[in-house]
Structures are given as C-alpha cells and as structure tokens.
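Everything on this sheet refers to the single structure shown next.
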Amino acid sequence: MESKKSLQALRQEIIAYLQKEFAKKKIKGTLVFDGAHRRDEESGLSYPNPLTVAYAPKGQSADEYIVERLELSKNRKIITVITNDRGLALHAKSLGAKVQANSSFICWLKKKKSSKTIKEPQDSPQNIDRLENIFKRRFEES
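According to my numbering, the sequence shown is numbered sequentially starting from 25.
Spelled out as structure tokens, the structure:
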C-alpha cells in the first residue's frame, strides 16, 4: 500500500528541487508557503541563497504576504510572481510585477541553460605561428 507524503515531505521536495535549479541557473527567488512555520521544518533563514523560504505569518495568507512584499518593494518591475491564482496574478500585475503561471515557470526552468563561465579564447596553432612570425619580423625590423 502506497502511503501519501506529508505536507512537510512535499515542501522539502519542492525546496530541494528549486534550490538545485536556482543554483544551476544562478537566479534568486523567494518561495512563500501558507501557514506559520512549523518547528519540525527548517526556517527560510536556514536555506542558503539562491532560494529563500518564507512562511506567511499567523492570520495572513501567502497571497496577502506576497502582496504586502510587493507593496513594500521599491523596484516591482524586476519581480516575477509565479502563481496560478487569478486574483493574486491580477493584483501583482496591478502593482507592476510580472506574473507567470506555475507550469510555464517550470518549463522555463527546465529549458533555461545553466549559466556558464566565460571561457578565454584559445588560439589555434596556425594563429600562434602567424603571430609569432609577425613579432619576429617586427623585432628584426627594429
């Protein structure tokens, strides 16, 4: 008989997946859960960047928490709210934030290539020989 995963286990899976993907893609974000933080769950502060985990305070929904954070933000245009909640999406847009559906975000996350370090250009042996000849000629001419 297959047992259902607890809410805590599902949260941990989501957090682990997003931490890994955000780190690979070198992006940052905040994941907001409804409900107050439980003692048996790690707090958002214990998760390293790039993903911060926040729990809506008692008496406030995650949607209300997100709207409050948007209202306090000085640069809302750089914020993207990932949600399937139509009301939250409309409110976030009205505040100037971008909005993306959950499935669309996951597809983007899977397709986005990892940020790579810029490699130094490498010269071919032919180009090295060519440059060496130029330097030799200039040295001999001087």
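We put the beta carbon where it would ideally sit given N, CA and C, even for glycine. All of these numbers come straight from a predicted model, not from anything done at the bench.
Check	Outcome
Given I51, which residues of its chain have a CB within under 7 Å of its CB, disregarding the five upstream and five downstream residues?	P74
Could you check where the beta strand (DSSP E) with A78 kicks off and where it finishes?	L75 to Y79
How many Å lie between V174 and R110 at the Cα?	The requested residue 174 does not occur in the structure, where the chain is confined to residues 25 to 166.
If we count the other Cβ atoms within 10 Å of its Cβ and call it buried at 16 or more, is S67 buried or exposed?	Any reading at S67 must be qualified, since the residue scores a pLDDT of 49, below 50, and its modelled position is unreliable; the value itself is stated next. The residue is exposed, with fewer than 16 neighbouring Cβ atoms inside 10 Å.
Go ahead and pull the three-state DSSP assignment for D153.	helix
Nearest-angstrom Cα distance between K29 and S127?	21 Å
Starting from L94, follow the alpha helix (DSSP H) in both directions and report where the run begins and ends.	A86 to L96
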